[in-house]
Amino acid sequence: MGIRLDWEIESERERMQEVGEDPEAARRRRRALRRIILFTAFLIMIGACVVGLVLLRLQQVDEIFRQNLLDTVEN
Numbered sequence: 119m120g121i122r123l124d125w126e127i128e129s130e131r132e133r134m135q136e137v138g139e140d141p142e143a144a145r146r147r148r149r150a151l152r153r154i155i156l157f158t159a160f161l162i163m164i165g166a167c168v169v170g171l172v173l174l175r176l177q178q179v180d181e182i183f184r185q186n187l188l189d190t191v192e193n
């Protein structure tokens, strides 16, 4: 612990201000976040397609039952 000169103090302050997140680490973090968002969107799209197909099939079955009931009543 000796006497610290002004230029040493300024140099240390500049080093502390320059320290930040590594650009490569930031790139990896953004890429991982993008991958999670895309995967989630993909799962939501698949789920929406499955729900749509189930609803379509339910409408078809309902129409078949309706037609069978009408045919039974008419005969």
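Counting from 1 along the sequence shown, just add 118 to a position and that's the residue number in our numbering. The C-beta atom is built at its ideal place from N, Cα and C for all residues, glycine as well.
- For Asn186, the uninterrupted alpha helix (DSSP H) run begins and ends at Pro141 to Glu192, by DSSP.
- Rounded to whole angstroms, the separation of the alpha carbons of Leu187 and Val179 is 12 Å.
- Here Ile121 carries a coil assignment [DSSP, helix/strand/coil].
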